[in-house]
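I have placed the structure first, in the form of structure tokens, so that the comments after it can refer back to it.
Chains as they are written, first to last, in the working numbering: chain Y, 282 to 615; chain G, 282 to 615.
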């Protein structure tokens, strides 16, 4: 271990700073997904941060391909007898590619007739061994317990799959990747966001479309790194029962991908929570001085921008996110 | 309004007490779902409590039919251009059958080639008008803002669909319905659970399989009725990053359907949170002196038992769950 590596948060700081470059490299890789042509449905199978990346990708795939892409719980294969998946593709996202439930899901999905795609960061992993197509995240070793660059890399790997299926999408995705490689993730509201998080005990992270998956990942990281109770909601869902939590002091973080059809919904949520006197911060892709054409790239940018704020909040509160008290890097569950 | 109707929580108390009878009646109805035979995939489209009921049903359908049943966000049709659903069935769960996004989803799913099934409590609703099959919840008017009897009724309506598709399932479901009709939902740990909720500011509600959907609904009701920040997790997912929240005072409610294959996972979660000194309460179907054969019925029972505790907690804290400060009965979102 070098001297730097003993500094709290060193790995998360280093790795999250690489997130957009990892994303851009993952997008621009050539992948062979000929097996996926004609799939009538896509199913994602993943857990934790990888599941958030899968959620982001599901909106992108549905928009581009016009076929459903939904989340199948790993337990369908790891605990249950599985379901028939003839004509479908199963996309398994797993940074380690080693979790037992996902290995069993890969075996089960293949046996059930699906073409299986593995998005992983660990070459020659057990999940890969069971898959028809392999799409590397290519982030290199990730040493911090909280995944950051591999999350953005997973989103990029998904965009590489879509790029191989649609040259029109590929053009847009490659233009976005070029803009994001090397981009600074500093933004004007960063200090305001960090102050709000330091004051907060209850947080809603709100998004829509690919911004919803970014919200899921942000809420998870706030719990994991800062032990703040943050929960993700779609801008629509949150205006039903969950709104009542606003009668407590509640901080609301809105992640805005800039997608035109989501603006009304995000505006409505912002206005409603401000009316309830919540502490509302809205981060927009335009805050970074750019304009993107693919909403999953917008989600990757918002995550890459939020990760350092979460890290700094954790450090200010005396936590070392590289090594959370209760967690290990690979969690084995059923 | 009668004198009783002005007592805080009167409607929620009355309606939640009817939940198991509504469930049992809904299960035993005859429904015509011939159109669904041969569906290669089921998609649920719903929001809020109805989405929790849909989640519960998805595990039951997948186990019984061996085909995937996953959740499709309404925005795919309400904001986006939709996805192809040829050969699939779309099950729309909506107590009112009136929410714009679900009406647009019904129209969109039908146009995309799906057979559309409506589970609703409002005869002649706009969602029903767009559907191929209608399965009534049959709960009668629900006056409290928090849905209770219609949630259990939605689960029952889903079991009626499965019963029409499988006579073996029908036998088990009807035996369970008979046991649940008129059953007392009192249980020994009720006081302990209520005390724990009164002390709690952060709650994880944990389940697995159909117990996970029950956890989603319970967490939603705790937010809506008691303004406690409660979040649902699958017993597996929670042992990854979210575990770190246990470094705060955290109350953990485990909803145990008794399903054999979920026991290891629930045991592991219980032990892990107890090790972190959390306040852990586990409610089992066996606490009610019965044994059930269909896990969705177990989920309905756990909900019917938890609703009165949530109501009493709300009343103790000075809230009137019949009329939450920020909410109305039908929320129109996009």
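Glycine included, each C-beta is placed from N, C-alpha and C at the ideal position.
- Taking the Cα of residue 492 (chain Y) as reference, the smallest distance to any Cα among Y:313, Y:436 and Y:456 is reached at Y:436.
- Using a 10 angstroms sphere on the CB of residue 402 (chain Y), the tally of other CB atoms reaches 16 or more, which defines it as buried.
- Contacts with chain G (Cβ-Cβ distance below 9 Å) from the region 311–335 of chain Y involve 321, 322, 324, 328, 329, 330 and 332, listed in chain order.
- Under the 8 Å criterion on CB atoms, residue 471 (chain Y) is classed as non-interfacial with respect to chain G.
- Look at the beta carbons and you see the region 477–496 of chain Y not touching the region 321–331 of chain Y: under three pairs across the two are nearer than 8 Å.
- DSSP, reduced to helix, strand and coil, places residue 594 (chain G) within a helical segment of the structure shown.
- The residue among G:583, G:600 and G:535 with its C-alpha nearest the C-alpha of residue 529 (chain Y) is G:600.
- When secondary structure is reduced to three states using DSSP, residue 514 (chain Y) falls in the strand class.
- Contact between the region 334–348 of chain Y and the region 357–368 of chain Y is absent: fewer than 3 CB-CB pairs across the two stretches fall below 8 Å.
- Proximity to residue 371 (chain G) across G:428, G:384, G:458 and G:360 peaks at G:384, based on C-alpha coordinates.
- Within chain Y, not a single residue places a beta-carbon under 8 Å from that of residue 391 (chain G); the smallest gap is close to 15 Å.
- Taking the beta carbon of residue 504 (chain G) as reference, the chain Y residues within 8 Å of it are 522, 523, 525 and 526, listed in sequence order.
- In terms of Cβ geometry, residue 325 (chain Y) and residue 352 (chain Y) form a close pair [threshold 8 Å].
- Secondary structure at residue 321 (chain G): coil, using DSSP grouped into helix, strand and coil.
- With distances taken between CA atoms, residue 419 (chain Y) lies nearest to Y:296 out of Y:296, Y:291, Y:289 and Y:587.
- Listed by position along chain Y, the residues whose Cβ is nearer than 8 Å to that of residue 543 (chain G) are 360.
- Going by DSSP, residue 476 (chain Y) is part of the alpha helix (DSSP H) stretching over 471–480.
- Among the residues facing chain G, residue 530 (chain Y) is not included, as its CB has no counterpart in that chain under 8 Å away.
- Checking the DSSP bridge columns, you'll see residue 396 (chain G) partnered with G:370.
- Note on geometry: alpha-carbon atoms of residue 542 (chain Y) and residue 548 (chain Y) lie some 11 Å from one another.
- In the structure shown, residue 563 (chain Y) falls within a strand segment according to DSSP collapsed to helix, strand and coil.
- Taken in chain order, the complete beta strand (DSSP E) segments of 3 residues or longer contained in the region 513–561 of chain G are 532–537.
- In this structure, the CA atom of residue 562 (chain G) is about 35 Å from the CA atom of residue 553 (chain Y).
- Under the three-state reduction of DSSP output, residue 606 (chain Y) falls in the coil class, being neither helix nor strand.
- Between residue 394 (chain Y) and chain G, the shortest Cβ-Cβ separation is not below 8 Å.
- Following the DSSP letters along the chain, one finds residue 351 (chain G) inside the beta strand (DSSP E) bounded by residues 350–352.
- For the pair residue 464 (chain Y) and residue 304 (chain Y), the CB atoms are not nearer than the 8 Å cut-off.
- Out of G:604, G:302, G:566 and G:290, the CA that lies nearest to the CA of residue 431 (chain G) is found in G:302.
- Per DSSP, residue 355 (chain G) is not a residue of any alpha helix (DSSP H), being assigned neither H nor E.
- Flagged as an interface residue toward chain Y: residue 483 (chain G), by a C-beta distance shorter than 8 Å.
- In the displayed model, residue 487 (chain G) falls within a strand according to three-state DSSP.
- Residue 480 (chain G) sits exposed, since fewer than 16 C-beta atoms from the chains shown fall within 10 Å of its C-beta.
- For residue 510 (chain G), the chain Y residues whose C-beta falls within less than 9 Å of its own C-beta are 482, 483, 510, 512, 526, 529 and 531, listed in chain order.
- For residue 491 (chain Y), no CB of chain G lies under 8 Å from its own CB, so it is not counted at the interface with that chain.
- The bridge partners DSSP lists for residue 327 (chain Y) are Y:374.
- Inclusion of residue 497 (chain Y) and residue 550 (chain Y) in the CB contact set at 8 Å is not warranted, their separation being larger than that value.
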